[in-house]
Amino acid sequence: MNESQKIKQLDRMVKFIEFEADEIVQNIETQSENEYHMKKNEMILKRKMEINQLYNKKTNLINRTTATMITDQMTSAKLEILSTRDKYIKSVLADVNKELLKMRKHKACLCDYREILKKLILQAMYQIVEQEVFLILVSEDVEYVTSMIPELKQIYLANTGINVKINIDKSIKLPTQEIGGVVVTAKDQRVLVENTLVVRLLYLTQQAIPIICTGLFGPNPTRTYLRDT
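Letter by letter, the sequence shown follows residues 1 to 229 of our numbering.
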């Protein structure tokens with residue numbers, strides 16, 4: 001092999017080496033670029049997941065906080081409504097109490113009050129059903145209840161067949177804050193029926209509160225026992 005051939009052979013070897021080197025470099029660059037994109041995508045995906053988790057966590061926290069706030073506001077509103085209703089109802093009952101006091105004091109209404117008192121006395125006596133009873137009254141009522149005793153005895157006899165002895169208890173009177181009515185006792189006060197106007201008003205209050213609420217505030221959709229059937 002002459003010198004010229006040796007040079008050509010050497011050139012071919014150099015070119016081959018350069019070609020392989022270029023391929024290796026290209027492969028390294030391609031692999032590096034692929035690994036870069038993979039790492040980048042992994043980092044992006046990881047960051048997205050972290051952001052989504054943080055977003056979901058904050059969203060859940062906001063939802064819970066909002067739900068708590070709404071519940072608290074609804075509770076506060078309900079309490080305010082109940083308080084307002086209670087004030088209205090007490091106002092209505094106070095007006096009823098005033099009207100009853102006027103009825104006692106107004107001469108034009110005195111007959112109505114006496115009729116009410118007579119019914120209260122008889123109602124209490126019917127619950128006792130004794131041969132002898134004692135009536136505890138406010139001082140102002142003693143005189144005209146004394147005058148109606150014969151009528152009370154007659155009505156009681158007609159309805160029960162018992163000829164009852166009716167006494168006005170002079171040893172004790174109803175307190176001055178009572179607006180009227182009676183307490184009927186028998187057997188040394190071991191049997192007692194309280195039928196004062198205050199007691200009746202309290203009883204009627206419990207019965208009438210749903211009706212008063214409906215009149216003042218409209219029907220309650222959750223209440224079923226007052227609906228027409």
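Here a beta-carbon is modelled for each residue, glycine too, at the ideal position from N, C-alpha and C.
CB of residue i within 8 Å of CB of residue j, strictly
i           : j           : result
residue 123 : residue 195 : yes
residue 186 : residue 133 : yes
residue 178 : residue 138 : yes
residue 202 : residue 96  : no
residue 121 : residue 79  : no
residue 184 : residue 125 : yes
Segment limits, beta strand (DSSP E) that includes residue i
i           : result
residue 132 : 132 to 136
Counterpart residues of residue i in DSSP-defined beta bridges
i           : result
residue 167 : 134
residue 195 : 182
Cβ distance (whole Å) where residue i is taken to contact residue j below 8 Å
i           : j           : result
residue 199 : residue 181 : 7 Å
residue 165 : residue 189 : Contact doesn't hold; Cβ gap of about 16 Å is too wide.
residue 172 : residue 136 : 6 Å
N-terminal and C-terminal residue of the alpha helix (DSSP H) that residue i is part of
i           : result
residue 153 : 142 to 160
Nearest residue (CA-CA) to residue i, options the options
i           : options              : result
residue 141 : 128, 119 and 114     : 114
residue 128 : 88, 160 and 116      : 160
residue 205 : 89, 157, 153 and 154 : 89
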